[in-house]
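Participant: Quick note, the sequences are listed as chains A, B, C and D, same order.
Under my numbering, think of the first position of the first sequence as 31, with each following residue one higher.
Under my numbering, think of the first position of the second sequence as 31, with each following residue one higher.
Under my numbering, think of the first position of the third sequence as 31, with each following residue one higher.
Under my numbering, think of the first position of the fourth sequence as 31, with each following residue one higher.
Glycine residues also receive a C-beta, built at the ideal position from the N, C-alpha and C atoms.
Number of protein chains: 4
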Amino acid sequence: MQRGLSPIRKDRKRNPEITRAAILQAALEEFSDVGLSGARVDKIAERAGVSKPMIYDYFGDKNAVYAAALREAYIQIRRGETALDLDTRAPDDAIRALVSFTMNHFWRNPWFINMLNTENLLGGDTVRSLDDASEIQSVLLDRVQEILERGRRSGIFRSDIGAVDLYILIASVCWFPISNMHTLRVVFRAPIDEAWLKAHTERAARMILAHLKEA
Amino acid sequence: MQRGLSPIRKDRKRNPEITRAAILQAALEEFSDVGLSGARVDKIAERAGVSKPMIYDYFGDKNAVYAAALREAYIQIRRGETALDLDTRAPDDAIRALVSFTMNHFWRNPWFINMLNTENLLGGDTVRSLDDASEIQSVLLDRVQEILERGRRSGIFRSDIGAVDLYILIASVCWFPISNMHTLRVVFRAPIDEAWLKAHTERAARMILAHLKEA
Amino acid sequence: MQRGLSPIRKDRKRNPEITRAAILQAALEEFSDVGLSGARVDKIAERAGVSKPMIYDYFGDKNAVYAAALREAYIQIRRGETALDLDTRAPDDAIRALVSFTMNHFWRNPWFINMLNTENLLGGDTVRSLDDASEIQSVLLDRVQEILERGRRSGIFRSDIGAVDLYILIASVCWFPISNMHTLRVVFRAPIDEAWLKAHTERAARMILAHLKEA
Amino acid sequence: MQRGLSPIRKDRKRNPEITRAAILQAALEEFSDVGLSGARVDKIAERAGVSKPMIYDYFGDKNAVYAAALREAYIQIRRGETALDLDTRAPDDAIRALVSFTMNHFWRNPWFINMLNTENLLGGDTVRSLDDASEIQSVLLDRVQEILERGRRSGIFRSDIGAVDLYILIASVCWFPISNMHTLRVVFRAPIDEAWLKAHTERAARMILAHLKEA
DNA sequence: CATGAATGAGGGTTCATTCAT
DNA sequence: CATGAATGAACCCTCATTCAT
Numbered sequence: 031m032q033r034g035l036s037p038i039r040k041d042r043k044r045n046p047e048i049t050r051a052a053i054l055q056a057a058l059e060e061f062s063d064v065g066l067s068g069a070r071v072d073k074i075a076e077r078a079g080v081s082k083p084m085i086y087d088y089f090g091d092k093n094a095v096y097a098a099a100l101r102e103a104y105i106q107i108r109r110g111e112t113a114l115d116l117d118t119r120a121p122d123d124a125i126r127a128l129v130s131f132t133m134n135h136f137w138r139n140p141w142f143i144n145m146l147n148t149e150n151l152l153g154g155d156t157v158r159s160l161d162d163a164s165e166i167q168s169v170l171l172d173r174v175q176e177i178l179e180r181g182r183r184s185g186i187f188r189s190d191i192g193a194v195d196l197y198i199l200i201a202s203v204c205w206f207p208i209s210n211m212h213t214l215r216v217v218f219r220a221p222i223d224e225a226w227l228k229a230h231t232e233r234a235a236r237m238i239l240a241h242l243k244e245a
Numbered sequence: 031m032q033r034g035l036s037p038i039r040k041d042r043k044r045n046p047e048i049t050r051a052a053i054l055q056a057a058l059e060e061f062s063d064v065g066l067s068g069a070r071v072d073k074i075a076e077r078a079g080v081s082k083p084m085i086y087d088y089f090g091d092k093n094a095v096y097a098a099a100l101r102e103a104y105i106q107i108r109r110g111e112t113a114l115d116l117d118t119r120a121p122d123d124a125i126r127a128l129v130s131f132t133m134n135h136f137w138r139n140p141w142f143i144n145m146l147n148t149e150n151l152l153g154g155d156t157v158r159s160l161d162d163a164s165e166i167q168s169v170l171l172d173r174v175q176e177i178l179e180r181g182r183r184s185g186i187f188r189s190d191i192g193a194v195d196l197y198i199l200i201a202s203v204c205w206f207p208i209s210n211m212h213t214l215r216v217v218f219r220a221p222i223d224e225a226w227l228k229a230h231t232e233r234a235a236r237m238i239l240a241h242l243k244e245a
Numbered sequence: 031m032q033r034g035l036s037p038i039r040k041d042r043k044r045n046p047e048i049t050r051a052a053i054l055q056a057a058l059e060e061f062s063d064v065g066l067s068g069a070r071v072d073k074i075a076e077r078a079g080v081s082k083p084m085i086y087d088y089f090g091d092k093n094a095v096y097a098a099a100l101r102e103a104y105i106q107i108r109r110g111e112t113a114l115d116l117d118t119r120a121p122d123d124a125i126r127a128l129v130s131f132t133m134n135h136f137w138r139n140p141w142f143i144n145m146l147n148t149e150n151l152l153g154g155d156t157v158r159s160l161d162d163a164s165e166i167q168s169v170l171l172d173r174v175q176e177i178l179e180r181g182r183r184s185g186i187f188r189s190d191i192g193a194v195d196l197y198i199l200i201a202s203v204c205w206f207p208i209s210n211m212h213t214l215r216v217v218f219r220a221p222i223d224e225a226w227l228k229a230h231t232e233r234a235a236r237m238i239l240a241h242l243k244e245a
Numbered sequence: 031m032q033r034g035l036s037p038i039r040k041d042r043k044r045n046p047e048i049t050r051a052a053i054l055q056a057a058l059e060e061f062s063d064v065g066l067s068g069a070r071v072d073k074i075a076e077r078a079g080v081s082k083p084m085i086y087d088y089f090g091d092k093n094a095v096y097a098a099a100l101r102e103a104y105i106q107i108r109r110g111e112t113a114l115d116l117d118t119r120a121p122d123d124a125i126r127a128l129v130s131f132t133m134n135h136f137w138r139n140p141w142f143i144n145m146l147n148t149e150n151l152l153g154g155d156t157v158r159s160l161d162d163a164s165e166i167q168s169v170l171l172d173r174v175q176e177i178l179e180r181g182r183r184s185g186i187f188r189s190d191i192g193a194v195d196l197y198i199l200i201a202s203v204c205w206f207p208i209s210n211m212h213t214l215r216v217v218f219r220a221p222i223d224e225a226w227l228k229a230h231t232e233r234a235a236r237m238i239l240a241h242l243k244e245a
């Protein structure tokens, strides 16, 4: 035990893992607040509580940070989805739960919608460049597939819709009112808030189910 | 007959009306390509075929151009909607036509989705600042209301959904697959193109109608 | 008398003399408010109530307008000085009147001080370029010379100071407190206003006279 | 002895103190050459040997640089005045020394006159906004007061003039011929140079003293 | 004589990025 | 591992000036 040997510092400084995570979260917030061009590296550094050069050390340049943040948005949603427990429910209950979860997830994690809107605005170049699209692919798809199969086998679902198309329907009704919240409020005076979303979720789930049960 | 032969060709120089319109269209394209912060005034000028100072003469500053472009996006969709002729159709046909028109409009006028995504990303401050929200309000709402009433009176529609909520459902299914086209293609390998949209439109219309006919 | 011959319009539009004078006065005000670089051609046009191209028609370019305005400042002061009637007064009365007039003129015509400060800031290039320095030269100099001579002949003035040096002394005490009004008020809390100037004029005149009477 | 030999030469790069001072001096020169509007931030950067963004880092914007330069002009004159040693001299000698010093200071530090002329042209808004007007207030005022008191006590001075008014008289005779050097040379062919100033100083001092000794 | 429309050339300011410690 | 200092390259905006009517 040498003199002056400072104790191993566990605080968030000098800890690469934590620094990296802090930058990522800060980036997620900044990009989702103002888009790619609107985001300021300075602001990300400030939000993360690190100095600017750190960002360049850890990620390379602003676009790389953006790519990492986009990936992180997908990873975070995947984490949420994995926790979902759909296979023990009856098919129509499972669909209801799925709609409900998706609506909730979009509402609670504004980054996701904002990051994806930004990415789509820019033409999807970045998501295309991510090398692990498989990592990113929603695990929900498999669940949806499985629910569909069970539903058909048990005869409740008569529709022959594909998993992707069904997921797109579900995502659509969850996405739009949240993504377009601000303009809908102004232009249509739509009272979008938690209460409205609850009713909307119920309505949307019923609609989807009605569709699945149709011939 | 010589007198009065003045040349018809009012060329686009020295014509305020045309200059203004050219700037507006150029702005619509630029903003919808890269968002507010990403847009370059230089590029708008180039796209419009005018010099940069013109933009400031006509609109004031970049944000004012953005506001005008956003307004223009709404005005353009309103023009399309006004041309729609729904009141002569049977209620379920009208709904089908509506879904079809909306899908089409979003697909053909990418500005609309992009401008609104940008605006919502930024929190809706600009749309809130437009003084003629009523001008902008979709005339579709009235049509939708009328269709709903007719449908109910004739007994085909049993749902008690409101016009706004119905419109949100319709817009949702049209918006999401187009708005998120790029990420859907990569992450879900969704083959979104005209053919897919045609099928999707059909499916979506059926789903909405099924919902309206439910108790 | 031809049909449609419009009456000769005497209003200030379409009258070169008046238009020119209006521009000049507007320029004087604008330049003296904000200096050469600070002045805006747009603002001069607005102040003069004419369109911008007029200014270029009448004067050439901004620097030419500035030169003309500088010349005008000198011409205006010369007009005032010419009206002064010093030769009928006793020498010491004449000096008193001169100090009083100068102070008054500086106070009443802020353009003069401001234009000359601007010109001196820029190194005097413009005044040097005026081709009629004689037009501009203060007629006061001759009066001062004459007063000095009369004073010496009659034995009241014993100083051998030259006319230019005397005029510089007189101008100095009038110029500084007015030119530096704003900074003096803040830094020395000097209460510079009409009352203060009146007392100061009296004090200054006495001082100058005492000096002239000294050996 | 190798260790610790660190080079003394802290070159002017990477040294905030020096960078800041360099910018300030460059600004003083640029603003006093061409006024506030005429000054170019590019030129200040070049004169200071730094890049443009540094100026914004250190001061904020162009107006803030101007304010700092104005303050610096006052600080520099205060430094000179503090070095003056008036209290050991006989009252009339002290006055003579004061006139002489002031003339000299104005002549040697053209920034001072030019900055203050610019500031007064613009209406004094900036000097009014400086929060430490007291810091800035000339220490000369106290000296002048003290000289006046000593002069009166010893009976040489009979005038009851106040310190501020006396200082204004002194500053006037020093300021005007230097400030208006260029126009005086052209319009009055006044041969303003070091020799002329020497004689003028003598004349001015005598005049002031004569005034102070008057009843 | 008069002006609305238009522009080239710059000016102030910001920002992603790097250097030196 | 970490950062304060520094900069090149834009970007928004202004302004003197000219064109076309």
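Quick one, are the C-beta atoms of SER102 of chain A and LEU54 of chain A less than 7 Å apart?
Facilitator: Per the sequence shown, the amino acid found at residue 102 of chain A is Glu instead of Ser. Against a cut-off of 7 Å, the Cβ pair of LEU54 of chain A and GLU102 of chain A comes out as a contact.
Participant: Secondary structure at ARG219 of chain C, three-state DSSP: helix, strand or coil?
Facilitator: The answer is coil: DSSP assigns ARG219 of chain C none of H, G, I, E or B.
Participant: By the criterion of Cβ-Cβ separation under 7 Å, what are the contact partners of GLY90 of chain A in chain B?
Facilitator: Those within 7 Å of GLY90 of chain A in chain B number zero; the least Cβ separation is about 20 Å.
Participant: Let's test the definition: count the other Cβ atoms within 10 Å of the Cβ of ILE143 of chain A and tell me whether it reaches 16, buried, or not, exposed.
Facilitator: With 16 or more Cβ atoms within 10 Å of its Cβ, ILE143 of chain A is classed as buried.
Participant: Reducing DSSP to helix, strand and coil, say where PHE131 of chain D ends up.
Facilitator: Three-state result, PHE131 of chain D: helix.
Participant: Could you check if ASP123 of chain A is buried or exposed, using at least 16 other CB atoms within 10 Å of its CB as the buried criterion?
Facilitator: It counts as exposed.
Participant: Just the Cα atoms here: how many angstroms apart are ASN45 of chain C and HIS241 of chain D?
Facilitator: The straight-line gap from Cα to Cα measures roughly 54 Å.
Participant: Scan the stretch 55-89 of chain A and note each continuous alpha helix (DSSP H) run of 4 residues or more that stays entirely inside, going in chain order.
Facilitator: For the stretch 55-89 of chain A, whole alpha helix (DSSP H) runs of length 4 or above, ordered along the chain, are 71-78 and 82-89.
Participant: Can you name, in chain order, every residue of its own chain whose Cβ lies under 6 Å from the Cβ of GLN175 of chain B, other than the five neighbours on each side?
Facilitator: So the qualifying residues of the chain are ALA193.
Participant: With distance defined between alpha-carbon atoms, name the residue in B:VAL216, B:PRO221, B:ASN210 and B:ARG50 nearest to PHE136 of chain B.
Facilitator: The shortest C-alpha separation from PHE136 of chain B is found at B:ASN210.
Participant: By the 9 Å beta-carbon criterion, what residues does the stretch 202-216 of chain B contribute toward chain A?
Facilitator: Cβ contacts with chain A: SER202, VAL203, CYS204, TRP205, PHE206, PRO207, SER209, ASN210, MET211, HIS212, THR213, LEU214, ARG215 and VAL216.
Participant: Going along chain C in order, which residues have a C-beta closer than 9 Å to the C-beta of ALA225 of chain D?
Facilitator: Result: empty, since nearest Cβ-Cβ is about 13 Å, beyond 9 Å.
Participant: Is there a Cβ of chain D sitting closer than 7 Å to that of THR231 of chain C, yes or no?
Facilitator: So, not an interface residue.
Participant: What does GLN167 of chain D reach in chain C if we use C-beta pairs closer than 8 Å?
Facilitator: Simply VAL217 and PHE218.
Participant: Name the residue from C:ILE208, C:LYS73 and C:THR156 whose alpha carbon lies nearest to the alpha carbon of GLU224 of chain C.
Facilitator: Per the Cα distances, C:ILE208.
Participant: Who are the neighbours of SER67 of chain C on chain D, taking C-beta pairs under 9 Å?
Facilitator: Going along chain D in sequence order, the residues near SER67 of chain C (Cβ under 9 Å) are VAL64, GLY65, LEU66, SER67, GLY68 and ALA69.
Participant: Hey, how far is the Cα of SER62 of chain C from the Cα of THR49 of chain B?
Facilitator: Going from the Cα of SER62 of chain C to the Cα of THR49 of chain B covers about 38 Å.
Participant: Roughly how many angstroms lie between the CA atoms of ALA69 of chain C and ALA56 of chain B, to the nearest whole one?
Facilitator: Those two C-alpha atoms are separated by around 34 Å.
Participant: Excluding the 5 residues flanking HIS230 of chain B on each side, which residues of the same chain have their C-beta closer than 8 Å to its C-beta?
Facilitator: Once the five neighbours on either side are set aside, the close Cβ partners of HIS230 of chain B are MET133, VAL203 and PRO207.
Participant: Residues of chain A with a CB under 9 Å from the CB of GLY110 of chain B: which are they?
Facilitator: Residues of chain A passing the Cβ test: none, with the nearest at roughly 16 Å.
Participant: Check whether the stretch 159-168 of chain A and the stretch 93-113 of chain A are in contact - that is, three or more C-beta pairs closer than 8 Å.
Facilitator: In short, these stretches touch, since the Cβ pair count reaches three.
Participant: In this structure, does DSSP put LEU239 of chain C in helix, strand or coil?
Facilitator: It is helical.
Participant: Would you say GLY154 of chain D lies against chain C (beta-carbon separation less than 7 Å)?
Facilitator: Cβ-Cβ to chain C under 7 Å: yes for GLY154 of chain D.
Participant: Does ARG233 of chain D pass the burial test, meaning 16 or more other C-beta atoms within 10 Å, or should it be called exposed?
Facilitator: It is buried - the Cβ of ARG233 of chain D has at least 16 other Cβ atoms within 10 Å.
Participant: Taking the continuous alpha helix (DSSP H) assigned at PHE142 of chain B, which residues delimit it?
Facilitator: PHE142 of chain B -> alpha helix (DSSP H) spans 140-151.
Participant: Along the stretch 170-198 of chain D, where does the CB come closer than 8 Å to a CB of chain C? Name the residues.
Facilitator: Taking 8 Å as the Cβ-Cβ cut-off against chain C, the residues of the stretch 170-198 of chain D that qualify are LEU171, ILE191, VAL194, ASP195, TYR197 and ILE198.
Participant: By DSSP, does ARG119 of chain D sit in helix, in strand, or in coil?
Facilitator: Residue state, collapsed to three classes: coil.
Participant: Determine the DSSP secondary structure at ASP195 of chain A, reduced to helix, strand or coil.
Facilitator: Residue state, collapsed to three classes: helix.
Participant: Looking only at its chain, what residues have a beta carbon closer than 7 Å to the beta carbon of TRP226 of chain B, apart from the 5 residues adjacent to it on each side?
Facilitator: So no residue of the chain qualifies.
Participant: Measure from the C-beta of ASN139 of chain B to each C-beta in chain A and report whether the shortest distance is under 7 Å.
Facilitator: No, no contact with chain A.
Participant: Should ARG173 of chain B be labelled buried (16 or more other beta-carbon atoms within 10 Å of its own) or exposed?
Facilitator: Buried is the call here.
Participant: Identify the continuous alpha helix (DSSP H) that holds ASP172 of chain D and give its terminal residues.
Facilitator: Residues 170-183.
Participant: How is SER36 of chain C classed by DSSP in three states: helix, strand or coil?
Facilitator: In this prediction, SER36 of chain C scores a pLDDT of 41, lower than 50, which makes its location untrustworthy; the coordinate-derived value is nonetheless stated afterwards. Coil at SER36 of chain C, not helix or strand.
Participant: With 9 Å as the C-beta to C-beta threshold (strictly closer), list the residues of the stretch 123-137 of chain C near chain D in chain order.
Facilitator: If the cut-off is 9 Å between Cβ atoms, the stretch 123-137 of chain C has nothing near chain D.
Participant: Rounded to a whole number of angstroms, what is the C-alpha to C-alpha distance between GLY181 of chain A and ALA163 of chain B?
Facilitator: Approximately 45 Å between the Cα atoms of the pair.
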